[in-house]
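Written out below as C-alpha cells is the structure these notes cover.
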Amino acid sequence: MGRSPCCEKAHTNKGAWTREEDERLVAHVRAHGEGCWRSLPSAAGLLRCGKSCRLRWINYLRPDLKRGNFSRDEDELIVKLHSLLGNKWSLIAARLPGRTDNEIKNYWNTHIRRKLLGRGIDPVTHRPLTDAATSVRQAGEDGAAAAGRHLLPLQHPQSERSGDGVQLRQQLPGPQGRHARL
DNA sequence: AAATCCTTCAACCGCCAAGTC
DNA sequence: AGACTTGGCGGTTGAAGGATT
Numbered sequence: 021m022g023r024s025p026c027c028e029k030a031h032t033n034k035g036a037w038t039r040e041e042d043e044r045l046v047a048h049v050r051a052h053g054e055g056c057w058r059s060l061p062s063a064a065g066l067l068r069c070g071k072s073c074r075l076r077w078i079n080y081l082r083p084d085l086k087r088g089n090f091s092r093d094e095d096e097l098i099v100k101l102h103s104l105l106g107n108k109w110s111l112i113a114a115r116l117p118g119r120t121d122n123e124i125k126n127y128w129n130t131h132i133r134r135k136l137l138g139r140g141i142d143p144v145t146h147r148p149l150t151d152a153a154t155s156v157r158q159a160g161e162d163g164a165a166a167a168g169r170h171l172l173p174l175q176h177p178q179s180e181r182s183g184d185g186v187q188l189r190q191q192l193p194g195p196q197g198r199h200a201r202l
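Per my numbering, the very first residue in the first sequence carries number 21; after that it's consecutive.
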C-alpha cells in the first residue's frame, strides 16, 4: 500500500528519553491534552516520533501510573485475566488501574510466566504441563531456563487478532472493544 | 577485582483496524 | 468504494545493572 512512515526517522532521536524531553512532553500534554500524537513532537519542540511520544507518555509519564511492585492481588488477577484473554495486554491493563499494557507484558514474561512453569503449569494454556502433550514438548525445549528472554512465540496467532476474543471479553465487565483503554 | 552471565524493562518495530476524505 | 492517515497493539530488542564465577 505504501504507507508513509510515521515520522521522518532521519530527524528524530531514538533510545532513552532525557529529563528535558520528558519535561517538554509533560508540559505539552498538560497544556494541550492528549491530542494528535503525530503533530505533537513538532508542537512540543521534540525531535521524536509521535509514536515514541505516545508510548513514553502512556507507559511512563502519565500521572495516574501506579508503578512499583505488583501486589499479590494484581498478580493473581493478571493470571486469571490472561487465562481468559490470552496475550491481550491492553485488555488486561484496562482492568488493572495504574498499570500499563507494557508493564504487565514485561511482568508476565519476567515473573509470572516463570512462576507458572515452576509450578508445572503451562503459561499459555494455564493447564498442568503433563496434560498438554504438545505443550510439554514445547516446554521441553523452552524449559524453565528459557523463561527469561526470547521466549517461544506465544500462541494466539495473527488470526486471533482480528477475532480479538470478543466472546471472552463479553464475559468480563469493563471497557470493550479493541481500543478499550483505562 | 575483573570477566562473564543473567535479568529486567524502556523503547522500538511492524502490523492492523478505524477513521477520514 | 477505496486510498490514505493515524492511533493503538503485541512482539521483540538491547542497554543497564545485578549476580555469579
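Glycine included, every Cβ here is placed at the ideal spot set by N, Cα and C.
Fair warning: this is a prediction, and the values are worked out from it, not measured in the lab.
Whole-Å CB distance - residue i paired with residue j, under 8 Å assumed
i   : j    : result
L85 : T130 : Incorrect: roughly 18 Å between the Cβ atoms, too far for contact.
L66 : L81  : Rounded, the Cβ-Cβ distance is 12 Å, inconsistent with contact.
N79 : N122 : 5 Å
Three-way DSSP call (helix, strand, coil) for residue i in this model
i    : result
P143 : coil
P117 : coil
P148 : strand
K100 : helix
W37  : coil
T130 : helix
P61  : helix
G110 : Here residue 110 is Ser; the residue named in the question, Gly, does not match the sequence. In the structure shown, S110 sits in a helix (DSSP, three-state: H, G or I).
N79  : helix
G70  : helix
E54  : coil
G88  : coil
T154 : Note that T154 scores 45 on pLDDT, short of 50, meaning its location in the model is unreliable; the coordinates nonetheless yield the value given after this. The answer is helix: DSSP assigns T154 an H, G or I state.
Sequence-distant residues of the same chain with beta carbon closer than 6 Å to residue i, five excluded per side
i   : result
W37 : R76
When the options are compared against residue i, the one with the closest alpha-carbon
i    : options                  : result
W128 : P117, G118, G55 and A113 : A113
C69  : G140, S110 and W57       : W57
V99  : A51, I141, P83 and K34   : I141
R147 : R50, N122, L104 and G53  : L104
N107 : R92, T145, R139 and N89  : T145
F90  : G118, G53, P143 and V49  : G118
For residue j and residue i, the rounded distance between their alpha carbons
i    : j    : result
A159 : R87  : Bear in mind that a pLDDT of 40 at A159, under 50, signals an unreliable position, so the model cannot answer this.
C73  : K135 : 33 Å
D95  : A64  : 37 Å
R133 : L60  : 37 Å
E43  : L137 : 41 Å
H102 : R139 : 17 Å
H52  : G35  : 25 Å
V49  : R92  : 33 Å
A47  : L149 : 50 Å
G55  : N126 : 27 Å
E40  : P143 : 40 Å
S62  : P83  : 23 Å
Cutoff 7 Å; reference residue i; Cβ partners in own chain excluding five residues on either side
i    : result
I124 : I98, W109, I112, A113 and L116
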